[in-house]
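S.K.: Under full-length UniProt numbering, the letters of the sequence shown match residues 1 to 341, in that order. Glycine residues also receive a C-beta, built at the ideal position from the N, C-alpha and C atoms.
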Amino acid sequence: MASSDKQTSPKPPPSPSPLRNSKFCQSNMRILISGGAGFIGSHLVDKLMENEKNEVIVADNYFTGSKDNLKKWIGHPRFELIRHDVTEPLLIEVDQIYHLACPASPIFYKYNPVKTIKTNVIGTLNMLGLAKRVGARILLTSTSEVYGDPLIHPQPESYWGNVNPIGVRSCYDEGKRVAETLMFDYHRQHGIEIRIARIFNTYGPRMNIDDGRVVSNFIAQALRGEALTVQKPGTQTRSFCYVSDMVDGLMRLMEGDDTGPINIGNPGEFTMVELAETVKELINPSIEIKMVENTPDDPRQRKPDITKAKEVLGWEPKVKLREGLPLMEEDFRLRLGVHKN
Ligand SMILES: NC(=O)c1ccc[n+]([C@@H]2O[C@H](COP(=O)([O-])OP(=O)(O)OC[C@H]3O[C@@H](n4cnc5c(N)ncnc54)[C@H](O)[C@@H]3O)[C@@H](O)[C@H]2O)c1
Ligand SMILES: O=c1ccn([C@@H]2O[C@H](COP(=O)(O)OP(=O)(O)O[C@H]3OC[C@@H](O)[C@H](O)[C@H]3O)[C@@H](O)[C@H]2O)c(=O)[nH]1
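(1) Tell me whether Leu90 sits in a helix, a strand or coil according to DSSP, three-state version.
(2) Would the beta-carbon of Asn294 be found less than 7 Å away from any heavy atom of ligand 2?
(3) Between which residues of its own chain and Ile152 is the CB-CB distance below 6 Å, once the five residues before and five after are set aside?
(4) Pull up the CB-CB distance for Ala131 and Ile82, whole angstroms please, since I reckon it's below 8 Å.
(5) State the Cα-Cα distance for the pair Asp85 and Pro285, rounded to the nearest angstrom.
(6) Indicate, with yes or no, if ligand 2 has a heavy atom lying under 7 Å from the CB of Gly212.
(7) Identify whether Leu228 lies in helix, strand or coil by the three-state DSSP scheme.
(8) Could you tell me the boundaries of the beta strand (DSSP E) in which Met207 lies?
(9) Is the beta carbon of Thr116 less than 8 Å from the beta carbon of Asn208?
(10) Reducing DSSP to helix, strand and coil, say where Asn162 ends up.
(11) Suppose you measure from the CA of Ser17 to the CA of Arg30; what does that come to, to the nearest Å?
(12) With respect to 7 Å, is the separation between the Cβ of Thr202 and the closest non-hydrogen atom of ligand 1 below this value?
(13) Could you tell me if Lys310 is buried or exposed, where buried requires 16 or more neighbouring beta carbons within 10 angstroms of its beta carbon?
(14) Taking 7 Å as the cut-off, is the C-beta of Met207 nearer than that to any heavy atom in ligand 2?
(15) Just to confirm, are Glu288 and Ala227 a CB contact at a threshold of 8 Å?
(16) Less than 7 Å separating the Cβ of residue 351 from some heavy atom of ligand 2?
(17) Can you name, in chain order, every residue of its own chain whose Cβ lies under 6 Å from the Cβ of Lys110, other than the five neighbours on each side?
(18) Does DSSP put Pro18 in a helix, in a strand, or in coil?
(19) Please determine whether the Cβ atom of Ile199 lies at a distance below 7 Å from any heavy atom of ligand 1.
(20) At a cut of 8 Å, does the segment 120 to 127 reach the segment 267 to 278 through at least three beta carbon pairs?
(21) Using the three-state DSSP reduction, which class does Lys115 fall into: helix, strand or coil?
(22) Heavy atom of ligand 1 less than 7 Å from the Cβ of Ala220, yes or no?
(23) Would you mind listing the beta strand (DSSP E) stretches within the segment 266 to 331 that are 3+ residues and don't spill past its ends, in chain order?
Structure below.
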């Protein structure tokens, strides 16, 4: 799918404060990251802060994120942290918005499904309203879950998906689908510069220990000496992307010319039994693997077609699962206080 045709020409953004163009003003790029206290967001903050021309503002309600993820930046002159829920409007001046705010782990997005929908719909409307008011470019972190339980494999961006609209995952899947719709409607109707990333399962240091997603569960279980819980049937597949590759992909998308949607993920595909066996071999060969009940509507297979990301962004992942897992293990050992023998 190519970038969409605009039906109206972009409206010029309002003029910034005259101070911004004054002789003594440092023309820094002001970047808002909603959900920046979370797993992917905090890694994105680290990368954006490396550029001395960037000022980074994080807005987060700390539902699944934490100040701890950002502790090295708190007090830094180019960094600002705001306790804010994106379901409420935010009136600030920025040049770019990375809109990540939304619980991502199934156990957290199902915890309060109505709130998850509000976050995806009202939260995205508020971020788009902000982008419109100040003329900022906005990137949405959508998800491979927009493909639902996919009937086409691997999934290209042109696939419309197979999503249950009334199931327990719908608050997230359909919420993100509406968020994508809103992005394109603001783009066509108001000329807003949009970017949409469809993120596939991402893992790495700083995931919550009890996040509930499969990689963090298996690593924490292996380190605690507990059996690895493979949800049945265990033949379902996922494709896991290391977080540094993900951040690189998101930044290229933001800086490039294509609206997306673009799949960002690692095409290396594993069954959950294969993942459990790999974690067992790398971290704790004496651990058991046990089969447990699954939850409804669990997608049976998922693997990104990243042809478009390669062509349009010149991006492809570099870190293989067997290289990324030990980096995450190191971080989990530190946080759990479990030393390597
Ligand atoms: N990690 C993945 O595998 C994955 C895959 C696909 C899409 N995504 C998307 O990427 C984004 C980040 O995911 P993550 O893995 O870092 O998850 P995360 O749960 O670690 O981070 C989400 C952040 O958003 C914040 N948040 C939630 N609701 C909010 C609200 N109403 N107002 C303000 N802040 C709010 C949380 O406190 C947290 O800091 C999400 O939009 C998610 O849907 C992630
Ligand atoms: O302990 C566990 C946890 C999970 N699983 C299985 O592992 C697979 C992956 O489950 P996860 O909870 O990690 O993540 P899912 O792929 O279901 O959803 C994720 O998709 C992409 C993002 O939008 C979100 O981060 C999340 O919704 C599922 O098949 C699940 O049944 C286990 O076998 N054992």
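M.R.: Once the coordinates are examined:
(1) Numbered from its first residue, the sequence shown carries residue 90 at position 90. Looking at Leu90 - three-state DSSP - the assignment turns out to be coil, as it is neither helix nor strand.
(2) Residue mapping note: residue 294 aligns to position 294 of the sequence shown, counting from 1. Yes, the beta carbon of Asn294 sits closer than 7 Å to at least one heavy atom of ligand 2.
(3) For this step, residue 152 is matched to residue 152 along the sequence shown. Tyr159, listed in sequence order.
(4) For the purposes of this step, residue 131 is identified with residue 131 of the sequence shown, where counting begins at 1. For the purposes of this step, residue 82 is identified with residue 82 of the sequence shown, where counting begins at 1. Contact doesn't hold; Cβ gap of about 17 Å is too wide.
(5) The residue given as residue 85 occupies position 85 in the sequence shown. The residue given as residue 285 occupies position 285 in the sequence shown. Using only the alpha carbons, I get a separation of about 43 Å.
(6) For the purposes of this step, residue 212 is identified with residue 212 of the sequence shown, where counting begins at 1. Because some heavy atom of ligand 2 lies under 7 Å away, the Cβ of Gly212 counts as near it: yes.
(7) Looking up residue 228 in the sequence shown gives position 228. In the structure shown, Leu228 sits in a strand (DSSP, three-state: E or B).
(8) To locate residue 207, count along the sequence shown from 1; it is residue 207. It is not in any beta strand (DSSP E) - Met207 carries neither H nor E in the DSSP assignment.
(9) Along the sequence shown, one-based indexing puts residue 116 at 116. Along the sequence shown, one-based indexing puts residue 208 at 208. Result no, Cβ atoms of Thr116 and Asn208 do not sit closer than 8 Å.
(10) Here residue 162 refers to the residue found at position 162 when the sequence shown is read from its first residue. If DSSP states are grouped into helix, strand and coil, Asn162 belongs with the strands.
(11) Within the sequence shown, the letter at position 17 stands for residue 17. Within the sequence shown, the letter at position 30 stands for residue 30. In a straight line, the C-alpha of Ser17 is about 13 Å away from that of Arg30.
(12) For the purposes of this step, residue 202 is taken as residue 202 along the sequence shown, with counting starting at 1. The answer is yes for Thr202.
(13) Indexing the sequence shown from 1 puts residue 310 at position 310. Lys310 comes out exposed.
(14) Against the sequence shown, residue 207 aligns to sequence position 207. For ligand 2, not one heavy atom lies less than 7 Å from the Cβ of Met207.
(15) Taking the first residue of the sequence shown as position 1, residue 288 is located at position 288. Taking the first residue of the sequence shown as position 1, residue 227 is located at position 227. Yes.
(16) Past the boundaries of the shown model lies residue 351; the chain is included only from 1 to 341, so the question cannot be answered.
(17) The residue given as residue 110 occupies position 110 in the sequence shown. Closer than 6 Å at the Cβ level, and outside the excluded window around Lys110, lie Val168.
(18) Reading the sequence shown from its first residue, position 18 is the one you call residue 18. Helix.
(19) Locating residue 199 in the sequence shown gives position 199, where the first residue counts as 1. Within the cutoff, so yes.
(20) no
(21) In the sequence shown, the residue the question calls residue 115 occupies position 115. Here Lys115 sits in helix by DSSP.
(22) Counting from 1 along the sequence shown, the entry for residue 220 is found at position 220. Checking the Cβ of Ala220 against ligand 1 gives no.
(23) 269 to 271, 289 to 292
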